[in-house]
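Colleague: Just so we're aligned, residue 0 is where the sequence shown starts under numbering that gives the first Met the number 0, counting upward by one. Positions of the beta carbon are idealized from the N, C-alpha and C atoms, including for glycine. None of the values given here were measured: they were computed from a predicted structure. Structure incoming, see below.
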Amino acid sequence: MKALVLEEKGKLSLRDFDIPATLGPRDVRIRTHTVGICGSDVHYYTHGKIGHFVVREPMVLGHEASGTVIEAGAEVTHLQPGDRVCMEPGIPDPTSRAAKLGIYNVDPAVTFWATPPVHGCLTPEVIHPAAFTYKLPDDVSFAEGAMVEPFAIGMQAALRARIQPGDIAVVTGAGPIGMMVALAALAGGCARVIVADLAQPKLDIIGAYDGIETVNIRNRSLAEAVAAATDGWGADVVFECSGAAPAILSMHQLARPGGAIVLVGMPVDPVPVDIVGLQAKELRVETVFRYANVYDRAIALIASGKVDLKPLISASIPFEDSIAGFDRAVEARETDVKLQIVMPE
Ligand code: ZN
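Right, here's the structure in full:
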């Protein structure tokens, strides 16, 4: 079967590649339909590693996927051939202590698509545990189904924030994840979300949503904008989604006394944090690593129409043109939000 293979840093090929797998009694076989290109896929392509995850052998990319069930294992009861689904890419050891606690995203034994040495899903067929495969309602498209994975991170951040109705939030960083966080925060009850970045095209896209205000920090101080929006009190929640050292060092200045900081962005290197700045306002600091137990909620919000992710899909690229799609993802970072690869029928 053909797959998009990262042979080594900087080298992709679209070639025959068999991922050894057999259909277990609790698995489903899925014909892949749409796969989003994630920043992490692009980072493995350009850098060959993320932190201590290093690509040492050819690896199939892709983890943001939707498709159609074509075969179900003998013990699968909630899915059948023909069901349209999306897939949660991180699979824990179900007997682990983390899984038993419901925090399976931080199970040390978790395997996650397209995180070395685990292959991803940019291939026409995949086998996946039925328990991590979710049926899409009829009015949710395959394209939206493939957006559930990145939106799940926004959901995790919004849940961690413990938003109260009417909160005012700030999101630093308008990459795809910052946008997902902003939309999840609005759906979670925020009255307003202020999104800050340097890239105007991305701010224009997210700023088109009702309830979202944007600040281009090239021309305007974010601290001043937040003070103006909150009578000088500060934001109830600050979602740090840039991973940029200056944003991290000054995030406490944006929050109100007793507010919350949610760390979503991942800095490449360790960065300094102003501990006293956090203490002086008794800020609650939360961290986010992927997500757990949010797929059903994410799909329900998309199906309800309360969250519309379609404006964030910049282009659909045929599977045969995947390599060009990845090159576009490297080059058009400032203007594209989400590129998706669509498999042949
Ligand atoms: Zn992703």
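Kindly indicate which three-state DSSP category alanine 142 falls into: helix, strand or coil?
Modeller: Reduced to three states, the DSSP call for alanine 142 is helix.
Colleague: By the DSSP assignment, the beta strand (DSSP E) with serine 12 in it spans what residues?
Modeller: Its beta strand (DSSP E) spans residues 10 to 15.
Colleague: Return the Cβ separation of methionine 178 and leucine 311 in integer angstroms, given the expectation that the two are a contact with Cβ distance under 8 Å.
Modeller: With a Cβ gap of about 6 Å, methionine 178 and leucine 311 count as contacting.
Colleague: What residue from Ile274, Asp335, Ala228 has the CA that sits closest to serine 315's CA?
Modeller: If we check each option's Cα against that of serine 315, Asp335 comes out closest.
Colleague: Out of Val272, Asp235, Ala234, state which residue places its alpha-carbon closest to the alpha-carbon of alanine 243.
Modeller: Of the candidates Val272, Asp235, Ala234, the one whose C-alpha sits nearest the C-alpha of alanine 243 is Val272.
Colleague: Closer than 7 Å to a non-hydrogen atom of the ligand ZN - does that hold for the CB of histidine 351?
Modeller: Residue 351 is absent from the model: the chain starts at 0 and stops at 344.
Colleague: Run through DSSP, which three-state label would histidine 118 get?
Modeller: Residue state, collapsed to three classes: coil.
Colleague: Per DSSP, which residues does proline 310 bridge with? Please list them.
Modeller: For proline 310, which the question treats as bridged, DSSP gives no partner whatsoever.
Colleague: Evaluate the contact criterion for the region 162 to 174 versus the region 185 to 197: three or more CB pairs, one atom per stretch, below 8 Å.
Modeller: The answer is yes - the region 185 to 197 touches the region 162 to 174, with three or more Cβ pairs under 8 Å.
Colleague: Along the beta strand (DSSP E) that carries leucine 22, what are the first and last residues, could you check?
Modeller: Unbroken run through leucine 22: none, as it is neither H nor E.
Colleague: Around the Cβ of glycine 89, are there at least 16 other Cβ atoms within 10 angstroms (buried) or fewer (exposed)?
Modeller: Per the 10 Å Cβ criterion, buried.
Colleague: Using C-beta distances below 6 Å, list every residue in its chain close to alanine 20, excluding the 5 sequence neighbours before and after it, in chain order.
Modeller: Answer for alanine 20: Ile126, listed in chain order.
Colleague: Relative to the C-alpha of valine 117, which residue among Val109, Glu124, Pro123 is closest?
Modeller: Selected option, being the one with the closest Cα: Val109.
Colleague: At a cut-off of 7 Å, would you count proline 115 as near the ligand ZN, judging by its Cβ distance to the nearest heavy atom?
Modeller: It does not: the Cβ of proline 115 is nowhere closer than 7 Å to a heavy atom of the ligand ZN.
Colleague: From the DSSP output, in three-state form, read off glutamate 281 for me.
Modeller: In this structure, glutamate 281 counts as coil in the three-state DSSP scheme.
Colleague: Do valine 27 and alanine 129 come within 8 Å of each other at the CB atom, strictly closer than that value?
Modeller: Against a cut-off of 8 Å, the Cβ pair of valine 27 and alanine 129 comes out as a contact.
Colleague: Would aspartate 307 be called buried (16 or more neighbouring beta carbons within 10 Å of its own) or exposed?
Modeller: Answer is exposed; the Cβ neighbour count stays below 16.
Colleague: The beta strand (DSSP E) that contains methionine 0, what's its start and end?
Modeller: Premise fails: methionine 0 is in no beta strand (DSSP E) and is neither H nor E.
Colleague: Can you tell me the Cβ-Cβ gap for phenylalanine 131 and histidine 32, rounded? I've got them flagged as a contact below 8 Å.
Modeller: So it is not a contact: roughly 17 Å between Cβ atoms.
Colleague: Considering proline 200, what are the terminal residues of the alpha helix (DSSP H) in which it resides?
Modeller: Element bounds for proline 200: 199 to 206.
Colleague: Does the ligand ZN have a heavy atom nearer than 7 Å to the CB of glutamate 223?
Modeller: For the ligand ZN, not one heavy atom lies less than 7 Å from the Cβ of glutamate 223.
Colleague: Where does glutamate 344 sit, in a helix, a strand or coil, going by DSSP?
Modeller: Coil, per DSSP.
Colleague: Is serine 39 near the ligand ZN - that is, is its Cβ less than 7 Å away from at least one heavy atom of it?
Modeller: Correct: serine 39 has its Cβ closer than 7 Å to the ligand ZN.
Colleague: Below 8 Å, how does it come out for the region 97 to 115 and the region 283 to 293: are there three or more Cβ pairs, yes or no?
Modeller: They touch, by the three-pair rule.
Colleague: Provide the residue(s) that pair with glycine 89 in DSSP beta bridges, ordered along the chain.
Modeller: Partner(s): Phe111.
Colleague: Buried or exposed: where does methionine 146 fall if 16 or more other Cβ atoms within 10 Å of its Cβ makes it buried?
Modeller: Buried is the call here.
Colleague: Can you tell me which of Arg217, Thr229, Pro80, Ala160 puts its alpha carbon nearest to the alpha carbon of alanine 198?
Modeller: If we check each option's Cα against that of alanine 198, Arg217 comes out closest.
Colleague: For the alpha helix (DSSP H) containing proline 175, name the first residue and the last one.
Modeller: Residues 175 to 186.
Colleague: Would you identify the three-state DSSP class for glutamine 339, choosing helix, strand or coil?
Modeller: Glutamine 339 falls in the strand class under three-state DSSP.
Colleague: Assuming contact is defined by CB atoms lying nearer than 8 Å, are serine 241 and glycine 264 in contact in what I supplied?
Modeller: A contact, by the Cβ cut-off of 8 Å.
Colleague: Go ahead and label methionine 58 buried or exposed: buried means 16 or more other beta carbons lie within 10 angstroms of its beta carbon, across all protein chains shown.
Modeller: Buried is the call here.
Colleague: Does DSSP put methionine 154 in a helix, in a strand, or in coil?
Modeller: Note: methionine 154 maps to helix in three-state DSSP.
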